[in-house]
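Position one of the sequence shown corresponds to residue 1178 (the working numbering), numbered consecutively onward.
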Amino acid sequence: MAAPTLSSVSPSQGPSSGGATVTLTGTGFTGATAVRFGTNAAASFTVTGSTQIIAVTPPGTGAVNVTVTTSQGTSTQTVTYTYVTAPVLSSLAPSQGPTAGGTTVTLTGTSLSGATAVRFDATAASSFTVNSPTQITAVTPAHAAGAAPVTVTTPGGTSNAQTFSYVAVPSVTSLAPSQGPTAGGTTVTLTGTSLSGATAVRFDATAASSFTVNSPTQITAVTPAHAAGAAPVTVTTPGGTSNPDNPPAYFFYATPPSATDITPSSGVVAGGTTVILTGSGFINATAVRFDATAASSFTVNSSTQITAVTPAHAAGAAAVTVTTPGGTSNALTYVYLQAPTITSLTPSQGPASGGSVITLTGTNLTTTASVQFDGTPAAFTVLSPTQVTALPPAGAAGAVTVTVATAAGVSNGLTYTRIASPAI
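In structure tokens:
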């Protein structure tokens, strides 16, 4: 009988730690007494027929020649088995991505050549490419949220694990406030889920002026400028981008209000005057102010009209503004008036037939609307804030009370005496 011949070993490479099961093919294997990998005997072997042996590799390094020995001799053919160093993973980039998968990840390490599998937990990568002995590019498969150990398998074995974190898609459930001016600058609190690690907050296609991730369920963002109308708000994290339609997450940009008229435009310092403001953009008004003082009350009648009650205020001009989510309007002027006073009448008496001019001296007389003698109106002329002239109407002889009325009220009364004409 002839010595054995060896034609192949499959697989032809395996881990340096040994323990790989290989199939040797050839002839004359019956009665084999030894199988060697280099100088090392196989850990075990089984002759399954004259042409096949199943062997378990011993530990080893590098490329070694495999031989079979029988009573007829030892095979002399060169059939190489290569010991491969086990792969080692040192990093993943990026190290997180969406649960839907599809993230391209670069795996860095050593001894990555000949990789036969890349796994995320127990799931094979959707695809992978061995770029070099130190780098593999892999596409993540879908996976539940959480940490997944990533390993590479080569003929040299399976690597240590690096962690890839699967992140759930973020969701925005509410915005507060949900409206603000087109100029931007509104601080908005976004509430939702899976907001950690946010890389962007957008109002429509425009990035927030700034944002802070407060917790996995809350982000504070500052609105950018935007045209009037509804803007979908989205948050992007390594887990993906939130859907602004489910649940709805919209911020409404409002144009600033405009004020064009206030009627009446003056009233008493004590307040309590009902005024009508006319303009545009008044819907959802949150404040009406007279200088820095809020109106005692106000009602939005329509987008173009508000009824407000004036608060108390010092005498003089006050700037009146309307504030809505769209901002604060231009200012209209409302004048607070003090009630008139009269301190003297010159002369303080005259003919009962009337017609003699008298001078009233006092304060706050500029807006005098009437001068009355015991309730009877008299013709008058305003000379200054402190002086008015009047023509007493005819009446019965005797004392009458003279008063001045302005938009701020009615003055105190002074006595004017009508003198009867002497009898002839």
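Every residue, glycine too, gets a C-beta built ideally from N, C-alpha and C.
| Asked | Found |
| --- | --- |
| Where in the region 1489-1552 do unbroken runs of the beta strand (DSSP E), each at least 3 residues long, occur, reported from the N-terminal end onward? | 1493-1501, 1509-1514, 1518-1523, 1526-1528, 1535-1540 and 1547-1550 |
| Quick one: using the 10 Å Cβ neighbour count with 16 as the cut-off for buried, is Ala1384 buried or exposed? | exposed |
| Where do the N-terminal and C-terminal ends of the beta strand (DSSP E) with Val1327 fall, by residue? | Gly1323 to Thr1331 |
| Within its chain, find whatever has a CB closer than 8 Å to the CB of His1490; leave out the 5 residues flanking it on each side and keep chain order. | Val1446, Gly1448, Phe1467, Asp1468, Thr1470 and Tyr1513 |
| Among Phe1428, Thr1523, Thr1414 and Thr1451, which has the Cα closest to the Cα of Ala1345? | Thr1414 |
| Any contact of the region 1506-1520 with the region 1581-1599, i.e. 3+ C-beta pairs under 8 Å? | yes |
| Is the region 1267-1287 touching the region 1204-1215, taking contact as three or more C-beta pairs under 8 Å? | no |
| Spatial neighbours of Thr1566 within its chain, please: CB distance less than 8 Å, with the 5 preceding and 5 following residues excluded, ordered by chain position. | Val1534, Ile1535, Thr1536, Leu1537, Phe1557, Thr1558 and Leu1560 |
| Which residues mark the beginning and the end of the beta strand (DSSP E) in which Asp1438 is found? | Ser1435 to Thr1440 |
| Should Leu1269 and Asn1337 be called a contact, given that it needs their Cβ atoms to be closer than 7 Å? | no |
| According to the neighbour-count rule (16 or more other Cβ atoms, all chains shown, within 10 Å of its Cβ), is Pro1433 buried or exposed? | buried |
| What separation, rounded to the nearest whole angstrom, lies between the Cα atoms of Thr1450 and Val1399? | 39 Å |
| Can you check the region 1193-1249 for any beta strand (DSSP E) of at least 3 residues that lies completely inside it and give the ranges in chain order? | 1198-1204, 1211-1214, 1221-1226, 1229-1233 and 1239-1247 |
| Can you give me the C-alpha to C-alpha distance between Thr1317 and Ser1303, rounded to a whole angstrom? | 6 Å |
| On a Cα-Cα basis, can you pick out the residue from Ala1516, Val1349 and Gly1274 that is closest to Thr1366? | Val1349 |
| Where does Leu1372 sit, in a helix, a strand or coil, going by DSSP? | coil |
| Less than 7 Å between the C-beta atoms of Val1452 and Ala1485, yes or no? | yes |
| Go ahead and pull the three-state DSSP assignment for Ser1588. | coil |
| Can you tell me the Cβ-Cβ gap for Pro1236 and Ser1193, rounded? I've got them flagged as a contact below 8 Å. | 6 Å |
| Identify the residues that DSSP records as bridge partners of Ala1555: which are they? | Val1548 |
| Within its chain, find whatever has a CB closer than 7 Å to the CB of Val1577; leave out the 5 residues flanking it on each side and keep chain order. | Phe1550, Asp1551, Tyr1593 and Arg1595 |
| Might you give, ordered along the chain, the residues of its own chain that have their beta carbon closer than 8 Å to the beta carbon of Pro1441, omitting 5 neighbours on each side? | Thr1450, Val1452 and Ala1584 |
| Quick one: measure Cβ to Cβ for Thr1487 and Ser1473, integer angstroms, because I've assumed they're closer than 8 Å. | 7 Å |
| Do you know offhand how far Ala1219's Cα is from Val1295's? | 29 Å |
| DSSP three-state call for Val1565: helix, strand or coil? | strand |
| Provide the residue span of the beta strand (DSSP E) that contains Asn1423, from first to last. | No beta strand (DSSP E) holds Asn1423; DSSP gives it neither H nor E. |
| Going by DSSP in three states, Ala1582 sits in which element: helix, strand or coil? | strand |
| Taking only the alpha-carbon atoms, compute the straight-line gap between Pro1425 and Ala1402 and give it to the nearest angstrom. | 21 Å |
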